[in-house]
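Okay, structure first, notes after.
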Amino acid sequence: MFVPYTRNGPQHKEPVDASVDATSPHAAAIILADQQRRARNREYARQSRERKRRELEALHEHDNSLRSALIKAHRRIESLEDSLARSEHEISSVTQANHYANMELTQLRKHVAKVERDYSVLHSWMSQHAEFVAAASSMYNLPQLTPPHSRP
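In the numbering used here, the protein residues as written are 845 to 996.
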């Protein structure tokens, strides 16, 4: 009994008996079964190809959506990095301005302290020499100076 093989396996599920006449009902049933099997196999192969095509299209679509999401994420990251750089520059500018303002405030405090010392020394001298100050004020029509404790 010979069963012909192809690269996909045996061609017939049932071996073809050489003693069977090709026109007999048994041979016709075998041929019909073989035709039906081949038709089923073609349909299965077509469905498999269609399924693989749909899966491949879905994978391409998914890949494209992931790629576009990745591009959007990269753009967002670049935007956030630019915003961060601007914020850091602004913070640096404000910090530098604050440093200069603190330096100026320190200088002003030193100046105010010096002026207060000078004012205190002047009024101390004026209180020790009150008669001279009164005479000079009346002689030159100077306004009356207020003592340090009555300053606002």
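Even for Gly, the Cβ is constructed at its ideal location relative to N, Cα and C.
Residue i, buried or exposed, once every other Cβ within 10 Å from all chains shown has been counted against 16
i: residue 1021; result: Because the chain here runs from 845 to 996, residue 1021 falls outside it and cannot be looked at.
i: residue 985; result: exposed
i: residue 980; result: exposed
i: residue 995; result: Only weak support is given to the placement of residue 995: the predicted model assigns it a pLDDT of 49, under 50, and the question is left unresolved by the model.
i: residue 874; result: buried
Extent of the continuous alpha helix (DSSP H) run through residue i
i: residue 936; result: 869-972
Whole-Å CB distance - residue i paired with residue j, under 8 Å assumed
i: residue 983; j: residue 977; result: About 11 Å; that fails the 8 Å criterion.
Distance cut-off 7 Å: residue i Cβ against heavy atoms of the ligand GTP
i: residue 876; result: Only the bare structure without any ligand can be found here, which leaves the ligand GTP out of the picture.
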